[in-house]
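I have placed the structure first, in the form of structure tokens, so that the comments after it can refer back to it.
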Amino acid sequence: MKDEETDKNNVTYGDTAITAFSLGTLNQVCHTVNKAGGDSTYTTTFKAEAYKFYIDQAQGLIYNPDSLPYGTDIAHVLAKTSAKNGGIVSIKSTTDESLKYFSEKDSTDFTNPRTLIVTSRDGKSYRQYKVTVNAHKQQGDVFSWSTMPASADLEQLDGHKAVAFGGKVFVFGNKDGLTHGYYTAEGDGQTWTQLPTTFAADTYKGVIAHENNLYLVENGVVKRSADGLTWTSVSSTSLARLVAETKTELYGLSTAGTLYVSKDNGVSWAAEELDDEASKLPNANFGYIAKPLTTNSTIECIMMVGTSGTQPNAVVWTKLVDQQSASNYKWSFVEANNAYSLPNYTDLTLLNYDDKALAMGIDNGAFAKILSSEDGGITWKRFTKFAYPADATVSGSFAATVDSQQYIWLISGGKVWRGRLNSAGWIKGQTAFTE
Numbered sequence: 009m010k011d012e013e014t015d016k017n018n019v020t021y022g023d024t025a026i027t028a029f030s031l032g033t034l035n036q037v038c039h040t041v042n043k044a045g046g047d048s049t050y051t052t053t054f055k056a057e058a059y060k061f062y063i064d065q066a067q068g069l070i071y072n073p074d075s076l077p078y079g080t081d082i083a084h085v086l087a088k089t090s091a092k093n094g095g096i097v098s099i100k101s102t103t104d105e106s107l108k109y110f111s112e113k114d115s116t117d118f119t120n121p122r123t124l125i126v127t128s129r130d131g132k133s134y135r136q137y138k139v140t141v142n143a144h145k146q147q148g149d150v151f152s153w154s155t156m157p158a159s160a161d162l163e164q165l166d167g168h169k170a171v172a173f174g175g176k177v178f179v180f181g182n183k184d185g186l187t188h189g190y191y192t193a194e195g196d197g198q199t200w201t202q203l204p205t206t207f208a209a210d211t212y213k214g215v216i217a218h219e220n221n222l223y224l225v226e227n228g229v230v231k232r233s234a235d236g237l238t239w240t241s242v243s244s245t246s247l248a249r250l251v252a253e254t255k256t257e258l259y260g261l262s263t264a265g266t267l268y269v270s271k272d273n274g275v276s277w278a279a280e281e282l283d284d285e286a287s288k289l290p291n292a293n294f295g296y297i298a299k300p301l302t303t304n305s306t307i308e309c310i311m312m313v314g315t316s317g318t319q320p321n322a323v324v325w326t327k328l329v330d331q332q333s334a335s336n337y338k339w340s341f342v343e344a345n346n347a348y349s350l351p352n353y354t355d356l357t358l359l360n361y362d363d364k365a366l367a368m369g370i371d372n373g374a375f376a377k378i379l380s381s382e383d384g385g386i387t388w389k390r391f392t393k394f395a396y397p398a399d400a401t402v403s404g405s406f407a408a409t410v411d412s413q414q415y416i417w418l419i420s421g422g423k424v425w426r427g428r429l430n431s432a433g434w435i436k437g438q439t440a441f442t443e
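Below, the structure written as structure tokens:
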């Protein structure tokens, strides 16, 4: 008997194949906290058929890209298969070359990949598959902080702005009346390298990463850099600073307090339309996030926040940007006269994390409560999945950013922390195949 894949004289591929693989009810050990405050565990069951298995026929692989929950017992698995044209599925022993009929009623140990073989009904051909049952080895909702070595260079900065770009984390700030910048690799955080170019004192407040460049405005001149080392002037404008961006647009606030947009990477600028008074725009402590709508990935929703001397709380503005249409939506002022309005945090920072808008900053000289909004900025409630590092104290100003590996970086004075939700680091496997 020969493997179809290597036997040129054999029948076609489709004569025999595993066409489906699914799991039944599985056991899971869950962790909790008992009344005394100690850790305890209990065992429960869940229906695992919702975890789809993908079959790569070309390479003979079967696996689930979405891993089973942490604590799932994959040593005792009930699974069932379907085979084309009534093929017979067998499972190979883990100790020798022997095979036995694969039955959905038998418990199977999938702590290591197993080999399934499907044989055609006439016994003349077969195909072999490597089956991997993936289960998380970490609890997804656990957040871990690491304290990085303190930086004497960052400590000298008066004010901080953190930007993740190009596999690096950049921190800009004011020192001796000029904006200085430093960077470290995302995987480092131990050493910081100074950028060779300095700028006007307040330029650091409006540094933004947009597509393949860093952007800033110095004395009305828009400048950009592909690496933070060499900067090129793009245009001369009436802008005071940059405030936000999407994949296709860049936004700046003029010296007159009006909002402008560039759709050509900072070369030309046009006034934006607002649905309310421009006096309600923020003028300090800017933050923003932009992400695609869950219902239409070609439309981005941008949320911009900040503080304004005319409003009792921080202000929130939103806008839709359709990447496949010439339609230009107005910026919408978010009325939030409720008990859950966004407070006027100092060094207000907005992060897109855990699929939520997270607001961080300083309040009365201490780290402010982390707040989240899931309704477009109308209400902001305490975020409970993680808190600031246990040893974190405010030292001067504050900045935060999220890098490409979903690590949150916190900077205050010369102190630096980096942390991530375990689930944010999980990578999904390939889910589409062609033979």
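Counting from 9, one number per residue, gives the positions in the sequence shown under my numbering. Beta carbons: idealized from backbone N, C-alpha and C, even for Gly.
Next on the checklist: By the DSSP assignment, the beta strand (DSSP E) with LEU162 in it spans what residues?
Outcome noted: No beta strand (DSSP E) holds LEU162; the alpha helix (DSSP H) holding it covers 160-163.
Checklist entry - In whole angstroms, what is the alpha-carbon distance linking THR80 and PRO73? => result 15 Å
Checklist entry - Is the CB-CB distance between GLU257 and VAL329 below 8 Å? => result yes
Item to check | Proximity to ASP114 [Cα-Cα], best of ALA87, ALA25, LYS138 | outcome: ALA87
Item to check | Within the segment 76-120, ranges of the alpha helix (DSSP H) (whole runs, at least 4 residues) | outcome: none
Checklist entry - Below 8 Å, can you find three or more Cβ-Cβ pairs linking the segment 351-366 to the segment 327-343? => result no
Item to check | Coarse secondary structure for ASN430, derived from DSSP in three states | outcome: helix
Item to check | Counted within 10 angstroms of its Cβ, other Cβ atoms place ARG129 as buried (16 or more) or exposed | outcome: exposed
Checklist entry - Counting only runs that start and end within the segment 251-303, where is the beta strand (DSSP E) found for 3 or more residues in a row? => result 258-262, 267-270, 292-300
Checklist entry - Cβ of VAL424 within 8 Å of Cβ of GLY197? => result yes
Checklist entry - When DSSP labels each residue in this structure, what does ALA25 get in the three-state scheme? => result coil
Checklist entry - Between the Cα of LEU366 and the Cα atoms of ALA298, SER420, ASN430, GLU343, which residue gives the shortest distance? => result ALA298
Next on the checklist: Rounding to the nearest angstrom, what Cα-Cα distance links ARG122 and ASN430 in this structure?
Outcome noted: 27 Å
Checklist entry - Residue range of the beta strand (DSSP E) that HIS144 falls in? => result Premise fails: HIS144 is in no beta strand (DSSP E) and is neither H nor E.
Checklist entry - On the three-state DSSP scale, how would you describe ALA56? => result helix
Next on the checklist: For GLU343, count the other beta carbons within 10 Å of its own beta carbon; 16 or more makes it buried, fewer makes it exposed. Which is it?
Outcome noted: exposed
Checklist entry - Which two residues bound the contiguous beta strand (DSSP E) that contains LYS169? => result 166-173
Checklist entry - In the structure shown, what three-state DSSP assignment does TYR50 receive? => result strand
Checklist entry - Can you give the beta carbon distance from TYR191 to THR206, rounded, assuming they're within the 8 Å contact cut? => result Going by Cβ atoms, the distance from TYR191 to THR206 rounds to 14 Å, so no, they are not a contact pair.
Next on the checklist: Quick check: LEU124 and VAL97, are their CB atoms within less than 8 Å of each other?
Outcome noted: yes
Checklist entry - For HIS168 versus VAL179, is the C-beta spacing smaller than 8 Å? => result yes
Checklist entry - Counting pairs of beta carbons, one from the segment 52-72 and one from the segment 33-42, are three or more of them closer than 8 Å? => result yes
Checklist entry - By the 10 Å Cβ neighbour count, where 16 or more other Cβ atoms means buried, how is ALA376 classified, buried or exposed? => result buried
Item to check | Start and end residues, beta strand (DSSP E) containing ALA407 | outcome: 406-410
Item to check | Beta carbon of MET311 nearer than 8 Å to that of PHE294 | outcome: no
Next on the checklist: What does the Cβ neighbour count give for SER270, buried or exposed, with the cut at 16 atoms within 10 Å?
Outcome noted: buried
Next on the checklist: My assumption, with CB atoms under 8 Å, is that VAL242 sits in contact with ARG232. Please give the rounded CB distance.
Outcome noted: 6 Å
Next on the checklist: Give me the DSSP bridge partner(s) of ALA193.
Outcome noted: LYS176
Item to check | Distance, TRP339 Cα to ASP371 Cα | outcome: 28 Å
Item to check | Inter-residue spacing [alpha-carbon to alpha-carbon] between VAL324 and SER381 | outcome: 11 Å
Item to check | Pick from ASN273, PHE173, ALA279, GLY274 that is closest to LEU267, judged by C-alpha positions | outcome: ALA279
Next on the checklist: Per DSSP, what are the beta-bridge partners of ASN182 in this structure?
Outcome noted: ASP166, THR187
Next on the checklist: Can you tell me whether THR409 is buried or exposed? The criterion is at least 16 other CB atoms within 10 Å of its CB, across all chains shown.
Outcome noted: buried
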